Amino acid sequence: MKTAKKSQPKDFKLEAALKRLEQIVEKLESGEVEIDQALGLYQEGMELLGQAKAALNEVNFKIKKLTLTGQGEFKTEAMKLEEGSNDQE
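At position 19 of the sequence shown the residue is numbered 25 (our numbering), and the sequence of numbers has no breaks.
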């Protein structure tokens, strides 16, 4: 069965989503939830993860780097986020 991809809500807050993801992971890792609840938490976590990735991709497109060319002119280019800079991975 295919699931419809939900769009990111207008009131989506990345920090709140990440905090909720941490709570979900803690509950799942505790092993103290029943299988039905674990499946629901997993689904919620995957939805939040998808929304968080979409939000980060959107931010990545908005961030520009201003550089000075050899001719003394300024130009903008997309900044590349360094992989592995997250200390929680």
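C-beta: ideal position from N, C-alpha, C; glycine also.
This one's a predicted model, so the numbers in the text were calculated from it and none came from an experiment.
Three or more Cβ pairs closer than 8 angstroms define a contact, and the stretch 71-78 falls short of that threshold against the stretch 50-59.
For a cut-off of 8 angstroms, the C-beta gap from A60 to A23 is around 11 angstroms, too long to register as a contact. Annotation: G78 to K70 spans about 18 angstroms, alpha carbon to alpha carbon. Counting the other Cβ atoms within 10 Å of the Cβ of I30 gives 16 or more, which makes it buried. Per the DSSP secondary-structure output, E83 pairs in a beta bridge with K71. Taking the C-beta atoms as reference points, L34 is found no nearer than 7 angstroms to L55.
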